[in-house]
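Chemist:
Numbering (the numbering used here), first residue to last: 431 to 553.
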C-alpha cells in the first residue's frame with residue numbers, strides 16, 4: 431500500500447469543495463497521491479490503497495451510496511475520514527456512518543459540560 435486516493439467533491443463551480451481536500455495541503459512522502467470525485471468511485475481502482483474521504487460537507491445523503499461502496503471494500507483498503515462535515519441544508523446523515531472507517535477525526539459537538547477538543551497543526 432503505497433498509494434493514496436483522496437475522494438472528495440470535484441466541482442469547478444464550488445471552490446469550497448475543491449479547496450477542502452487534505453491532499454492539497456499535506457505531503458505524503460513515499461506515496462503516490464491521486465484525487466478523485468466521491469461521486470465516481472471505481473472499486474477496481476481502490477484495492478490495496480489508503481483511501482482518504484474528505485474534506486467538505488460529505489455527511490450528506492447524496493454521498494451515502496459512495497460511503498457504502500467504500501465500506502464494503504474495507505477488507506482490501508484502509509479507509510480514513512479526514513475533514514468531513516455536514517450540510518446546513520437538505521438531509522445530512524449521522525457521523526455514525528463513519529464507525530466502519532479505520533480512522534475518523536469526526537468529533538461530536540461538545541455539551542456545556544464537556545471539554546472542547548481543538549485540533550492544531552504545528553511546524
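Glycine included, every Cβ here is placed at the ideal spot set by N, Cα and C.
Predicted model only: the values in this text are computed from it and were never measured.
For residue 434 versus residue 463, is the C-beta distance shorter than 9 angstroms?
Modeler: Here residue 434 corresponds to residue number 4 of the chain shown, with the count starting at 1. Here residue 463 corresponds to residue number 33 of the chain shown, with the count starting at 1. Yes. Within cutoff.
Chemist: Work out the CA separation of residue 452 and residue 502 for me, nearest whole Å.
Modeler: Your numbering for residue 502 matches position 72 in the chain shown. Your numbering for residue 452 matches position 22 in the chain shown. Between residue 502 and residue 452, the C-alpha separation is close to 23 angstroms.
Chemist: Using 8 angstroms for Cβ pairs, my map puts residue 500 next to residue 514. What's the rounded Cβ distance?
Modeler: Indexing the chain shown from 1 puts residue 500 at position 70. Indexing the chain shown from 1 puts residue 514 at position 84. Actually they do not touch by this definition, with Cβ atoms about 12 angstroms apart.
Chemist: Between which two residues does the beta strand (DSSP E) harbouring residue 514 extend?
Modeler: Here residue 514 refers to the residue found at position 84 of the chain shown. Where residue 514 is concerned, the enclosing beta strand (DSSP E) stretches over 514-516.
Chemist: Drop a sphere of 10 angstroms on the beta-carbon of residue 552, count the other beta-carbons inside from all chains shown, and report buried for 16 or more, exposed for fewer.
Modeler: Counting from one through the chain shown, the residue named residue 552 turns up at place 122. At residue 552, the pLDDT of 44 sits below 50, so the modelled position is not reliable; the number obtained from the coordinates is stated separately. Classification of residue 552: exposed, given that the 10 Å Cβ count is below 16.
Chemist: Please report the distance separating the alpha-carbon of residue 474 from that of residue 511.
Modeler: As a first step, residue 474 is located in the chain shown; it is residue number 44 there, counting from the start. As a first step, residue 511 is located in the chain shown; it is residue number 81 there, counting from the start. When rounded, the distance between both Cα atoms is 20 angstroms.
Chemist: Buried or exposed, going by whether 16 or more other CB atoms sit within 10 Å of the CB of residue 491?
Modeler: Numbered from 1 along the chain shown, position 61 holds the residue referred to as residue 491. Flag for residue 491 reads exposed.
Chemist: Please report the distance separating the alpha-carbon of residue 477 from that of residue 461.
Modeler: As a first step, residue 477 must be located in the chain shown, where it is residue number 47. As a first step, residue 461 must be located in the chain shown, where it is residue number 31. Looking at the two C-alpha atoms, the distance is approximately 15 angstroms.
Chemist: Report the rounded CA-to-CA distance for residue 533 versus residue 436, giving the unit in angstroms.
Modeler: What you label residue 533 is simply residue 103 of the chain shown in a count that begins at 1. What you label residue 436 is simply residue 6 of the chain shown in a count that begins at 1. Their Cα atoms are separated by approximately 14 angstroms.
Chemist: Using CA atoms only, rank isn't needed, just tell me which of 457, 466 and 456 is closest to residue 448.
Modeler: Against the chain shown, residue 448 aligns to sequence position 18. Answer by Cα proximity: 466.
Chemist: Can you look up residue 443 in the DSSP assignment and give me helix, strand or coil?
Modeler: Reading the chain shown from its first residue, position 13 is the one you call residue 443. It is coil, neither helix nor strand.
Chemist: Could you check the C-alpha separation between residue 529 and residue 443 for me, to the nearest Å?
Modeler: Sequence index remark: in the chain shown, residue 529 carries index 99 (1-based). Sequence index remark: in the chain shown, residue 443 carries index 13 (1-based). Those two C-alpha atoms are separated by around 31 angstroms.
Chemist: Quick check on the DSSP output: what are the complete beta strand (DSSP E) runs of length 3 or more inside the stretch 446-509, in order along the chain?
Modeler: Within the stretch 446-509, the complete beta strand (DSSP E) runs of at least 3 residues are 462-467, 480-483 and 486-489.
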